[in-house]
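Taking it in order: structure first as C-alpha cells, then the write-up.
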Amino acid sequence: MTDSPEDLRHILRACMPGPDSCFVPNATAKPDFHAISAYARLGHKYQIDHLLNQALDYLKGIYTDDFDKWINMPASDFDPLSDSDSKTSISVVNIAHLTGCPSILPAALAVCCSLEESVLDGFPREDGTFDRPDAADLYRCIKATREIKVASTAANLRVLLAYSKAAETGPGQACMTAQACSASLSKLTKCLHKRALWLAAALPFRPTLFANNERTLCAECRRALQEQILEGRRKIWMRLPKLLDIEVGGWGVRE
Numbered sequence: 197m198t199d200s201p202e203d204l205r206h207i208l209r210a211c212m213p214g215p216d217s218c219f220v221p222n223a224t225a226k227p228d229f230h231a232i233s234a235y236a237r238l239g240h241k242y243q244i245d246h247l248l249n250q251a252l253d254y255l256k257g258i259y260t261d262d263f264d265k266w267i268n269m270p271a272s273d274f275d276p277l278s279d280s281d282s283k284t285s286i287s288v289v290n291i292a293h294l295t296g297c298p299s300i301l302p303a304a305l306a307v308c309c310s311l312e313e314s315v316l317d318g319f320p321r322e323d324g325t326f327d328r329p330d331a332a333d334l335y336r337c338i339k340a341t342r343e344i345k346v347a348s349t350a351a352n353l354r355v356l357l358a359y360s361k362a363a364e365t366g367p368g369q370a371c372m373t374a375q376a377c378s379a380s381l382s383k384l385t386k387c388l389h390k391r392a393l394w395l396a397a398a399l400p401f402r403p404t405l406f407a408n409n410e411r412t413l414c415a416e417c418r419r420a421l422q423e424q425i426l427e428g429r430r431k432i433w434m435r436l437p438k439l440l441d442i443e444v445g446g447w448g449v450r451e
C-alpha cells in the first residue's frame with residue numbers, strides 16, 4: 197500500500213461511522229481540503245463511492261460550471277480566489293482528470309492560470325509531497341493565461357469605450373446627474389494606466405475593475421455599467437473551455 201498515513205487517516209475516520217454518513221459540508225462551510233482530496237483520490241482508487249461522490253459534489257459546488265453561481269458564491273471560509281486557497285486548484289485539476297469529472301476543470305484551470313509562475317510550486321500535501329500539474333496542463337495554463345488576459349482587456353476596454361462616448365449624458369438612459377456621472381467616467385478613463393493589472397486580469401471574475409468608483413455614479417449609471425461589465429465576464433466564461441483547449445459538454449448551459 198503506497199498511500200500516505202495522512203490520507204489513510206482521513207479515509208478511516210470517514211469510513212468508521214458507515215456509508216450513509218455525511219462527511220463533507222456544503223459549499224458555504226470550509227472543510228479540510230486535505231480530507232476532501234483524500235476522499236476523492238482514495239475513494240476513486242478503492243471504489244468507496246459514498247466518499248468519492250460527496251467529495252466531487254462539494255468540488256462541483258465550488259468549481260461550478262454555472263457563471264451566476266460562481267460570481268454569487270456565498271461567503272465562505274473557503275475561497276478559490278484567495279491567496280491562501282487558490283493553490284488547491286492545482287489539486288482539483290488532477291482530481292478532475294483522475295475521476296473523470298470534466299465540469300470542474302475550466303474553473304479550476306482558470307484559477308491555476310491566475311497563479312502564473314507560482315503554479316510551478318504545486319500544492320503542498322500533508323505528507324510533505326506536492327501535487328503538481330502535468331506537462332499538458334502546464335502548457336495549457338501558459339497558453340490560456342495570455343488568451344484570458346487578451347479577452348479580459350478587450351472586454352474592459354469595450355465597456356470604457358462605450359461609456360467614454362456617453363460623456364455628455366452618462367451611460368444610463370435614465371441618468372439624472374449627467375454632469376457628475378460624466379466627470380466620474382472621465383476620471384475612470386484617465387486613471388486607467390494605474391489599473392493595468394485589473395484591465396488585463398488573468399482571472400476576470402474577481403471584483404469589478406471599477407469597484408472603488410462605481411459608488412460615485414448615480415444608481416441608473418451604476419446599474420448600466422455593472423450590466424455591461426457582467427456581460428463581458430459572462431462571454432469570457434462561456435469561452436473558457438475553448439480558451440483552455442479542453443472539451444466540456446454542456447458548459448455554461450443552465451439547467
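Numbering (the working numbering) for the sequence shown: 197 to 451.
We treat Cβ as the ideally placed atom computed from N, Cα and C, and that holds for glycine.
| query | result |
| --- | --- |
| Report the partner residues of Phe-326 according to the DSSP bridge assignment. | Pro-320 |
| For Asp-199, which residues from the same chain have a beta carbon less than 7 angstroms from its beta carbon, with the 5 sequence-adjacent residues on both sides left out? | Leu-238 |
| With a threshold of 7 angstroms on Cβ separation, who are the neighbours of Asp-327 within its own chain once the five nearest residues in sequence on each side are excluded? | Ile-286, Ser-287, Asn-290, Gly-318, Phe-319, Arg-321 |
| Does Thr-224 come out as helix, strand or coil in the three-state DSSP assignment? | Interpretation of Thr-224 is limited by its pLDDT of 48, a score under 50 that renders its predicted location unreliable; the figure taken from the coordinates is listed afterwards. Of the three classes helix, strand and coil, the one that applies to Thr-224 here is coil, per DSSP. |
| Taking only the alpha-carbon atoms, compute the straight-line gap between Ser-348 and Arg-418 and give it to the nearest angstrom. | 20 angstroms |
| Run the CB neighbour count on Ser-233, radius 10 Å, all protein chains shown included, and call it buried at 16 or more, exposed below. | buried |
| For Trp-266, which residues from the same chain have a beta carbon less than 8 angstroms from its beta carbon, with the 5 sequence-adjacent residues on both sides left out? | Thr-260, Ala-303, Phe-401, Trp-433 |
| So, for Glu-202: in the same chain, excluding its five sequence neighbours on each side, which residues have a beta-carbon less than 6 angstroms away from its beta-carbon? | Glu-322, Asp-323 |
| Ordered along the chain, which non-local residues of its own chain (more than five positions away) have a Cβ less than 7 angstroms from that of Ala-396? | Lys-345, Ser-348, Thr-349 |
| Please report the distance separating the alpha-carbon of Tyr-254 from that of Val-449. | 20 angstroms |
| Can you check whether the CB of Arg-336 is closer than 8 angstroms to the CB of Leu-436? | no |
| Considering only the alpha carbon of each residue, which of Ala-376, Cys-387, Arg-354 lies closest to Leu-426? | Arg-354 |
| Tell me the rounded alpha-carbon separation between Gln-250 and Gly-428. | 33 angstroms |
| Between Gln-422 and Leu-356, what straight-line distance do the alpha-carbon atoms span, to the nearest angstrom? | 12 angstroms |
| In whole angstroms, what is the alpha-carbon distance linking Leu-399 and Ile-338? | 13 angstroms |
| I'd like to check one pair, Asp-262 with Leu-305: are the Cβ atoms closer than 8 angstroms? | no |
| Report the three-state DSSP secondary structure of Glu-312 (helix, strand or coil). | helix |
| Identify whether Tyr-259 lies in helix, strand or coil by the three-state DSSP scheme. | coil |
| On a CA-only basis, which of Tyr-235, Pro-227, Phe-229 is nearest Leu-208? Give me that one, please. | Tyr-235 |
| Could you spell out the range, first to last residue, of the alpha helix (DSSP H) harbouring Ala-370? | From DSSP, Ala-370 is part of no alpha helix (DSSP H); its letter is neither H nor E. |
| Would you give the residue range spanned by the alpha helix (DSSP H) that Ala-234 belongs to? | 229 to 241 |
| What's the call for Asn-352, buried or exposed, on a 16-neighbour Cβ count within 10 Å? | buried |
| Would a C-beta distance cut-off of 8 angstroms place Cys-387 and Glu-416 closer than the cut-off? | no |
| Got a sec, what are the start and stop residues for the alpha helix (DSSP H) Pro-437 sits in? | 436 to 439 |
| Determine, using beta carbons only, whether Thr-310 and Val-444 come nearer to each other than 8 angstroms. | In the sequence on display, residue 310 carries Ser and not Thr. The answer is no: Cβ separation not under 8 angstroms. |
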